[in-house]
Amino acid sequence: DNVFTRIKKKIQETFDLEELKEDERMIIRYNEIKTGIEEETKIN
1 DNVFTRIKKK IQETFDLEEL KEDERMIIRY NEIKTGIEEE TKIN
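Position 14 of the sequence shown, counted from 1, bears residue number 14 in UniProt numbering, the numbering being contiguous throughout.
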């Protein structure tokens with residue numbers, strides 16, 4: 001395993017981590033919107 005391959009692997013792992021964070025943010029946002037809609041529906 002040469003240095004270049006290791007660096008490439010590290011970059012790939014970092015990208016995967018970023019995508020995971022992005023997915024988590026989307027899920028959290030979705031839940032916020034869902035909760036907001038549920039609360040508005042209760043009021044009406």
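Virtual Cβ for every residue (Gly too), placed ideally from N, Cα, C.
Predicted model, so just to flag it, every value in this text is computed and none were measured.
- The alpha-carbon separation between residue 29 and residue 16 amounts to approximately 20 Å.
- For residue 31, the uninterrupted alpha helix (DSSP H) segment begins and ends at 3 to 43.
- Excluding five sequence positions before and after residue 41, none of the CB atoms of its chain fall closer than 7 Å to its own CB.
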